[in-house]
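Chains R and D supply the protein sequences, listed in that same order.
The first sequence begins at 7 in my numbering and counts up one residue at a time.
The second sequence begins at 7 in my numbering and counts up one residue at a time.
Here a beta-carbon is modelled for each residue, glycine too, at the ideal position from N, C-alpha and C.
All of these numbers come straight from a predicted model, not from anything done at the bench.
Data first, discussion second: the structure below is written as structure tokens.
Number of protein chains: 2
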Amino acid sequence: MFFKRVTVLGVGLIGASFALALKKRGLCGTITGFGRRASNLVKAKERGIIDSFDLDPGTASAGSDLVIFSLPASSFAETAKRIVGSLKEGAIVTDVGSMKGGLVYEMEEVLSHRVSFVGAHPIAGSEKSGIETADACLFEGQKCIITPTEKTDRTAMDVLVSLWQSLGAEVVTMSPEEHDKVLGAVSHFPHIIAYEMVNAIEEIDGSYLRYCGRGFRDSTRIASSSPELWRDICMFNRENLIHFLNVFIGRLEKVKAYIAKSDADSIELEFRNAKTLRDRLGQD
Amino acid sequence: MFFKRVTVLGVGLIGASFALALKKRGLCGTITGFGRRASNLVKAKERGIIDSFDLDPGTASAGSDLVIFSLPASSFAETAKRIVGSLKEGAIVTDVGSMKGGLVYEMEEVLSHRVSFVGAHPIAGSEKSGIETADACLFEGQKCIITPTEKTDRTAMDVLVSLWQSLGAEVVTMSPEEHDKVLGAVSHFPHIIAYEMVNAIEEIDGSYLRYCGRGFRDSTRIASSSPELWRDICMFNRENLIHFLNVFIGRLEKVKAYIAKSDADSIELEFRNAKTLRDRLGQD
């Protein structure tokens with residue numbers, strides 16, 4: 007498996023880490039970057055993350071064997087339309103986005119008459135962003151979810167599975183809809199909670215924040231994530247998130263009732279159950 | 007400032023770290039430990055954390071210049087009653103508990119006719135427990151809240167302030183009631199949230215837990231904390247916690263409504279406000 011020419015659309019933390027990981031393992035010839043800010047692309051080229059760049063996504067993608075979308079999901083469809091005419095026959099187009107569902111079908115509709123689109127999501131984000139924190143080993147030991155549909159070209163999918171495995175990821179496949187449920191629960195929902203925990207302390211008394219210890223810092227670390235990205239995710243995964251918030255609010259109401267009636271046994275049972283599950287996940 | 011004889015009641019993570027910190031700085035002569043489990047005390051003595059131990063708290067505390075409660079708060083009052091008759095005149099009695107409020111007044115009532123009680127709470131916990139993770143530097147750079155009342159002996163309090171400063175802590179004083187509000191907000195409330203986030207994912211679909219990334223792990227790290235300790239804290243800080251849960255549920259309902267009506271601007275505003283506040287806290 008070798009990609010003579012690769013295009014990374016969006017050279018941020020994930021896009022740049024993907025480029026570095028490919029280069030480190032000798033899986034590609036040259037990498038071309040596309041992005042909105044020329045200054046970032048110049049920096050990425052200086053650092054050897056990409057070999058060249060173009061401010062037009064079509065030109066950047068022309069002739070590439072592998073094109074990866076690591077742009078904000080809100081610009082996927084528009085960018086796909088801009089590149090589709092330039093794509094090389096037989097190219098594989100994929101992404102690294104946190105949202106799948108309808109987006110995968112939209113990408114297929116735009117692209118699949120010319121090339122193979124396969125959705126992918128390496129679970130390796132961070133509250134940080136930008137190429138400064140890019141890391142060739144970012145995906146090692148992490149899960150990468152690949153989301154085939156009925157239309158997905160199986161050969162292209164097999165190539166992509168091998169690629170992510172080569173980068174050290176554990177590949178799991180599931181439908182785009184299942185992906186959005188799973189990630190909604192373990193990633194999207196906790197981001198809303200982290201943001202609102204910080205806002206809740208401010209509402210209670212903002213001066214209290216200066217007394218927070220490591221527990222609060224860890225619990226709310228992801229509240230430093232990009233507000234635009236997580237706004238888009240909330241809009242995208244609306245139904246799942248409303249359901250999960252309802253489940254969570256229901257549980258908080260129950261705990262509140264236990265506290266109100268001093269039901270220590272029920273509280274302990276709740277906490278013990280959570281501790282057992284959490285201990286199993288390990289710490290890193 | 008030098009304490010010829012010190013008694014540590016409860017040799018767990020905090021008690022053992024306190025003992026090590028005193029020894030490291032040469033602030034004490036000998037340290038006697040008391041606890042429920044002889045095996046733990048034997049281990050603590052073998053590791054040089056304490057110099058001797060006694061399974062009776064009164065005998066352990068007799069003749070000591072400084073007695074520190076690092077036991078579960080639920081046993082404070084009973085243990086205070088068991089030691090009060092043995093305490094040396096002029097001894098300073100203090101604690102390291104996460105709960106203050108009525109407990110401080112209760113301790114004063116039992117102890118203050120003989121010795122000076124001053125409540126203290128170093129904000130340096132961990133989801134871990136036990137002497138294995140004890141650390142002489144645990145309190146360095148951390149806040150320690152001292153909670154004087156109208157009855158507090160000012161000389162004893164000044165000694166305690168100097169002591170914690172010597173251990174590297176930044177000392178802040180506030181009333182026991184204010185302490186419980188502040189810690190309820192930045193520590194007790196986030197523990198409930200972490201436990202219930204784990205339980206919520208189980209309720210949604212427990213199999214999803216295997217897909218959690220670093221964000222979820224960090225957000226729920228404190229759900230590995232002691233269920234008994236946090237059950238007791240919930241019972242103790244009841245009114246504040248019910249208020250905080252109401253504030254939080256109110257905010258989640260608001261966010262849910264924004265998501266339901268696709269109000270992207272309001273969501274972004276929520277998240278941006280939280281990010282600004284959280285970024286100020288730094289990462290540690």
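Thinking C-alpha only, which one of the options is nearest residue i?
i      : options                        : result
D:M180 : D:Q171, D:D269, D:A126, D:G96  : D:A126
R:L251 : D:H249, D:R227, D:I207         : D:I207
R:I137 : R:V12, R:S45, R:L275           : R:S45
R:T282 : D:E276, D:F242, D:F277, D:Y201 : D:Y201
R:R286 : D:E114, D:L258, D:R216, D:V12  : D:R216
D:I248 : R:K29, R:V177, R:K260, R:S168  : R:K260
D:G219 : R:M241, R:G288, R:V167         : R:G288
R:R43  : R:G256, R:F277, R:L15          : R:L15
R:Q148 : R:V177, R:P233, R:M163, R:T158 : R:V177
R:K157 : R:A142, R:S135, R:V121, R:A175 : R:V121
R:G18  : R:K267, R:P63, R:S135, R:D269  : R:S135
R:P63  : R:D57, R:I89, R:A50, R:L117    : R:I89
D:E115 : D:V99, D:E274, D:E146          : D:V99
D:S172 : D:L28, D:F75, D:T13            : D:L28
R:K267 : D:P128, D:F195, D:E245, D:A79  : D:E245
R:N279 : D:D271, D:I198, D:T161         : D:I198
D:F145 : D:R160, D:D159, D:P128, D:I151 : D:P128
D:A142 : D:D159, D:L166, D:H119, D:W170 : D:W170
D:S23  : D:K94, D:V124, D:G174          : D:G174
D:E184 : R:V12, R:S213, R:T161          : R:S213
R:L258 : D:V124, D:V204, D:A79          : D:V204
Looking at the secondary structure, which residues open and close the beta strand (DSSP E) in which residue i lies?
i      : result
D:F145 : Note, D:F145: premise wrong, no beta strand (DSSP E); not H, not E.
D:G231 : The displayed chain sequence assigns Ser, not Gly, to residue 231 of chain D. Taken as a continuous stretch (DSSP letters only), D:S231 belongs to no beta strand (DSSP E), as it is neither H nor E.
D:D101 : 98–101
D:V124 : 122–128
Quick check on residue i: buried or exposed, where buried means 16 or more other Cβ atoms within 10 Å of its Cβ?
i      : result
D:D238 : buried
D:V48  : exposed
R:F8   : exposed
D:G103 : buried
R:G190 : buried
R:T38  : buried
R:D101 : buried
R:A140 : buried
R:K187 : buried
R:A263 : exposed
D:K106 : buried
R:K87  : exposed
R:T153 : buried
R:E84  : exposed
D:L235 : buried
D:G91  : exposed
R:S58  : exposed
So the alpha helix (DSSP H) residue i belongs to, where does it begin and stop?
i      : result
R:G21  : 19–30
R:S272 : 270–287
R:K260 : 244–266
R:V12  : Per DSSP, R:V12 belongs to no alpha helix (DSSP H); it is in the beta strand (DSSP E), 9–15.
R:K116 : Looking at the sequence itself, residue 116 of chain R is Val, so the reference to Lys does not match. 108–117 is the span of the alpha helix (DSSP H), which, as asked, contains R:V116.
Heavy atom of the ligand NAP less than 7 Å from the Cβ of residue i, yes or no?
i     : result
D:V14 : Although the ligand NAP was asked about, the structure shown includes no ligands whatsoever.
Query raised in the report: Quick one: complete alpha helix (DSSP H) runs, 4+ long, within the segment 36–90 of chain D?
Result: You should have 44–52, 63–67, 82–89.
Report task. List in chain order: all unbroken alpha helix (DSSP H) runs of 4+ residues lying wholly within the segment 171–224 of chain D. Result -> Within the segment 171–224 of chain D, complete alpha helix (DSSP H) segments of at least 4 residues are found at 182–189, 195–211, given in chain order.
Query raised in the report: Taking Cβ-Cβ distances below 9 Å as the criterion, which residues of the segment 90–110 of chain D are in contact with chain R?
Result: Cβ contacts with chain R come from no residue of the segment 90–110 of chain D.
Query raised in the report: Of all the residues that make up the segment 260–288 of chain R, which are near chain D by a beta-carbon distance shorter than 7 Å?
Result: For the segment 260–288 of chain R, the set of positions with a beta-carbon nearer than 7 Å to some beta-carbon of chain D reads V261, K262, I265, A266, S268, A270, I273, E274, E276, F277, R278, N279, A280, K281, L283, R284, D285, L287 in chain order.
**Report entry** Selection of the segment 192–210 of chain R by Cβ proximity to chain D, strictly under 9 Å
**Finding:** Cβ proximity to chain D below 9 Å picks out V192, S193, F195, P196, H197, I198, I199, A200, Y201, E202, M203, V204, N205, A206, I207, E208, E209, I210 from the segment 192–210 of chain R.
Report task. Below 7 Å between beta carbons is the criterion; list the residues of the segment 17–47 of chain D that meet it against any residue of chain R, in chain order. Result -> Residues passing the 7 Å Cβ filter: none.
Query - Where the segment 163–191 of chain R meets chain D: residues whose CB sits under 8 Å from a CB there - result: Result list: V178, K187, V188, L189, A191.
Query raised in the report: Which residues, in chain order, does the segment 136–155 of chain R contribute to contact with chain D at a C-beta distance below 9 Å?
Result: Closer than 9 Å at the C-beta level to chain D, one finds these residues of the segment 136–155 of chain R: Q148, K149, I151.
Requested in this report: Return the residues of the segment 221–234 of chain R that lie within a Cβ-Cβ distance of less than 9 Å from chain D, sorted by chain order.
Outcome: Listed by position, the residues of the segment 221–234 of chain R near chain D (Cβ gap below 9 Å) are G221, F222, R223, D224, S225, T226, R227, I228, A229, S230, S231, S232, P233, E234.
Query - chain D contacts made by the segment 242–254 of chain R, where a contact means CB separation under 7 Å - result: Here the close residues are R244, L247, I248, F250, L251, V253, F254.
Query raised in the report: Just by C-beta distance, which residues in the segment 60–85 of chain R are closer than 8 Å to chain D?
Result: For the segment 60–85 of chain R, the set of residues with a beta-carbon nearer than 8 Å to any beta-carbon of chain D is empty.
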